[in-house]
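So that you can map any letter, position 211 of the sequence shown is 226 in our numbering, and since no number is skipped, the others follow by simple counting.
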Amino acid sequence: MPIIPLEDFSPLKLGLQVDDNATRFSNYFHVLRETIHWSNGWLPLEASFHAKYVLGEDLHDDARGQVKVRRRIYELRANEDWPGAPSDELAAQLDRLADAAGPAELAQVIYGQLKPALIRALEIHLDAVDRITDEVSYIVIEHLLRRQRAHVERAGRYWNITPEEPFCDDMGALEIRKRETRDLKILPRLDEPARDEGIEITPEGDPYLGEELYVNGDENHVPTERVEQQHFFHGLMDAELCAAELMARNSHEHPEMPWDFHVDMARQTWDELRHARVHEVLMKSELGCEWGDFPIGFEYFKSIYAYDLLGRLCLFNGTSEQKAMWRHSHRRQVLLDLGQENVAKVFDYLLADEVPHVHNGVRWGTHLLDGDPKAYRAKVQELREGLDRTGQPVNPPAASAT
Numbered sequence: 016m017p018i019i020p021l022e023d024f025s026p027l028k029l030g031l032q033v034d035d036n037a038t039r040f041s042n043y044f045h046v047l048r049e050t051i052h053w054s055n056g057w058l059p060l061e062a063s064f065h066a067k068y069v070l071g072e073d074l075h076d077d078a079r080g081q082v083k084v085r086r087r088i089y090e091l092r093a094n095e096d097w098p099g100a101p102s103d104e105l106a107a108q109l110d111r112l113a114d115a116a117g118p119a120e121l122a123q124v125i126y127g128q129l130k131p132a133l134i135r136a137l138e139i140h141l142d143a144v145d146r147i148t149d150e151v152s153y154i155v156i157e158h159l160l161r162r163q164r165a166h167v168e169r170a171g172r173y174w175n176i177t178p179e180e181p182f183c184d185d186m187g188a189l190e191i192r193k194r195e196t197r198d199l200k201i202l203p204r205l206d207e208p209a210r211d212e213g214i215e216i217t218p219e220g221d222p223y224l225g226e227e228l229y230v231n232g233d234e235n236h237v238p239t240e241r242v243e244q245q246h247f248f249h250g251l252m253d254a255e256l257c258a259a260e261l262m263a264r265n266s267h268e269h270p271e272m273p274w275d276f277h278v279d280m281a282r283q284t285w286d287e288l289r290h291a292r293v294h295e296v297l298m299k300s301e302l303g304c305e306w307g308d309f310p311i312g313f314e315y316f317k318s319i320y321a322y323d324l325l326g327r328l329c330l331f332n333g334t335s336e337q338k339a340m341w342r343h344s345h346r347r348q349v350l351l352d353l354g355q356e357n358v359a360k361v362f363d364y365l366l367a368d369e370v371p372h373v374h375n376g377v378r379w380g381t382h383l384l385d386g387d388p389k390a391y392r393a394k395v396q397e398l399r400e401g402l403d404r405t406g407q408p409v410n411p412p413a414a415s416a417t
């Protein structure tokens, strides 16, 4: 449906020159690109689950917006000039992301300066564009503006954000360095993720959780009693957080990968965080427990994170997620047979999300092996030979270079 009714014959307005339009979208590109990159880097080290969730949801939202921005730049100016590199003025603000000492400082730059600057630029752009001759740009701008406003409005509930003086009047109008590029720095490797204050972290995790919960076939045990479900879903919530953190770091540590890879990782990061939220609600509303009631451990996370990107894709996406599909289906059916519909329904959408997660492994693992799907399958099989019965690597590498 057209934005302007077809019965409306108001005069066209001048709008923006195509080059000016491309420049504005290029500046949006640079802000979104680096916001996504650094949000991925710091997400595992944000201790608060709810703040971690918001960071993951916003970076996924920004990744989707970036797809639209990149496409519009291509449509307006399909050559090597755009998006170029940011001006010195914008680069100085983006450097603050790279210099952030932690998640709170990162959030201050994103929500206190960059996103408000993006909102102001989008408002100016929306007012200037002609909605008939450039309806495509209008739709993209309107979507971005609505989402960025929502991000800034919500952020103050999870971080102590101090509004900053604008660093310029109109960020969208800043010059770009045509045909140049800007490299992205990478944070040091993780030791382990951060969790909410008061969460007990031990080397062995929750001793209540036995191996039979995490194997496939006849040996698999489905938790059906209240106490074992409390421990199980608490452990599963942490596993979902670890999965989100692994995907976020896959993206952050590999800026050289194609943009579609980063979009897929952003979506899976958000998926895993949504799963964790489902378990948080289930524990509180159905099981009589809550996040933090039991100890957790990072042994599995560390064993997968130790691998390079190909190894992580093979072992997590291509093995852990693939084998979890059977367990989710099995758990769902057992619980339905026992009349536990509210618990069983959790596994319905977990199972649905595992399918694209497995495909992420196939797609990008194959990409890393020169597009050879047979080589990917062979690599998965090779690495699976080094797993124990629960799917955890027996002898992971020391600390693989990213």
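No residue lacks a Cβ here, since even glycine has one placed at the ideal position from N, Cα and C. Keep in mind it's a predicted model, so treat the numbers as computed, not measured.
Pick from the options that is closest to residue i, judged by C-alpha positions
i: leucine 105; options: Ile156, Asp308, Arg39, Ile154; result: Arg39
i: proline 371; options: Lys394, Met280, Leu324; result: Met280
i: aspartate 184; options: Ala119, Gln123, Phe247, Ile134; result: Ile134
i: asparagine 265; options: Glu295, Glu305, Asp233, Leu205; result: Leu205
i: glutamate 255; options: Pro59, Arg162, Thr50; result: Pro59
i: aspartate 198; options: His345, His45, Tyr173; result: His45
i: leucine 103; options: Ala115, Gly80, Met186, Arg327; result: Note that residue 103 corresponds to aspartate in the displayed sequence, not to leucine. The candidate whose alpha carbon is nearest that of aspartate 103 is Met186.
i: alanine 259; options: Pro222, Leu70, Ile139; result: Leu70
i: lysine 83; options: Leu47, Trp57, Glu72, Glu295; result: Leu47
i: glutamine 407; options: Glu168, Glu72, Lys338, Glu49; result: Lys338
i: glycine 80; options: Thr217, Arg161, Glu180, Ile216; result: Arg161
i: alanine 107; options: Lys28, Ile154, Glu397, Val124; result: Val124
i: tyrosine 223; options: His345, Glu243, Val395; result: Glu243
i: lysine 394; options: His382, Arg404, Thr405, Asp403; result: His382
i: aspartate 110; options: Trp53, Glu301, Arg399; result: Trp53
Euclidean distance between Cα positions of residue i and residue j
i: arginine 342; j: glycine 401; result: 21 Å
i: histidine 65; j: glutamine 245; result: 20 Å
i: proline 131; j: glycine 380; result: 38 Å
i: proline 351; j: valine 358; result: It is worth fixing the name first, because residue 351 is leucine in this sequence and not proline. In a straight line, the C-alpha of leucine 351 is about 9 Å away from that of valine 358.
i: isoleucine 51; j: glutamate 190; result: 22 Å
i: leucine 159; j: leucine 137; result: 8 Å
i: asparagine 235; j: leucine 353; result: 17 Å
i: glutamate 336; j: alanine 37; result: 40 Å
i: leucine 325; j: alanine 263; result: 15 Å
i: arginine 86; j: lysine 389; result: 32 Å
i: histidine 277; j: phenylalanine 24; result: 43 Å
i: valine 373; j: aspartate 142; result: 43 Å
i: threonine 417; j: arginine 146; result: Below a pLDDT of 50, predicted positions are generally treated as unreliable, and threonine 417, at 47, falls in that range; the measurement from the model is reported next regardless. Rounded to the nearest angstrom, the two C-alpha atoms are 45 Å apart.
i: glutamine 348; j: glutamine 355; result: 10 Å
i: valine 33; j: leucine 91; result: 6 Å
i: arginine 11; j: alanine 165; result: Look at the range of the chain in this structure, 16 to 417, and you will see that residue 11 is not part of it.
i: glycine 56; j: glutamine 396; result: 30 Å
i: aspartate 275; j: leucine 129; result: 24 Å
i: aspartate 1; j: glutamate 301; result: Since the first residue shown for the chain is 16 and the last is 417, residue 1 is missing from the structure and cannot be characterised.
i: glutamate 212; j: phenylalanine 247; result: 21 Å
i: aspartate 77; j: isoleucine 156; result: 13 Å
i: leucine 398; j: leucine 384; result: 15 Å
i: cysteine 257; j: proline 218; result: 15 Å
i: leucine 365; j: asparagine 231; result: 17 Å
Residue j beta carbon less than 8 Å from that of residue i
i: leucine 288; j: tyrosine 68; result: yes
i: histidine 459; j: phenylalanine 309; result: Since the first residue shown for the chain is 16 and the last is 417, residue 459 is missing from the structure and cannot be characterised.
i: phenylalanine 313; j: proline 208; result: yes
i: arginine 192; j: alanine 62; result: no
i: isoleucine 214; j: glycine 117; result: no
i: leucine 319; j: histidine 267; result: Checking the sequence, you will find isoleucine at residue 319 rather than leucine. Contact: no.
i: histidine 75; j: threonine 239; result: no
i: threonine 148; j: glycine 30; result: yes
i: glycine 376; j: leucine 328; result: yes
i: tyrosine 153; j: valine 167; result: no
i: glycine 333; j: arginine 241; result: no
i: aspartate 368; j: aspartate 286; result: yes
i: alanine 291; j: methionine 252; result: yes
i: glutamate 226; j: arginine 378; result: no
i: tryptophan 174; j: alanine 115; result: no
Cβ distance (whole Å) where residue i is taken to contact residue j below 8 Å
i: valine 293; j: valine 361; result: 6 Å
i: alanine 170; j: alanine 113; result: Not confirmed; about 20 Å, so no contact.
i: tyrosine 322; j: proline 412; result: 6 Å
i: glycine 127; j: isoleucine 176; result: 5 Å
i: arginine 210; j: isoleucine 311; result: 7 Å
i: arginine 194; j: glutamate 271; result: So it is not a contact: roughly 19 Å between Cβ atoms.
**Request:** Counting only runs of 4+ residues fully inside the stretch 149-230, write out the alpha helix (DSSP H) ranges in chain order.
**Result:** 150-170
**Item:** Uninterrupted alpha helix (DSSP H) stretches inside the stretch 67-146 (no shorter than 4 residues)
**Value:** 103-114, 118-124, 130-143
**Contained alpha helix (DSSP H) runs [length at least 4] in the stretch 295-345, N- to C-terminal order** = 314-320, 324-327
**Item:** alpha helix (DSSP H) runs contained entirely in the stretch 348-375, provided each spans 4 or more residues
**Value:** 356-359
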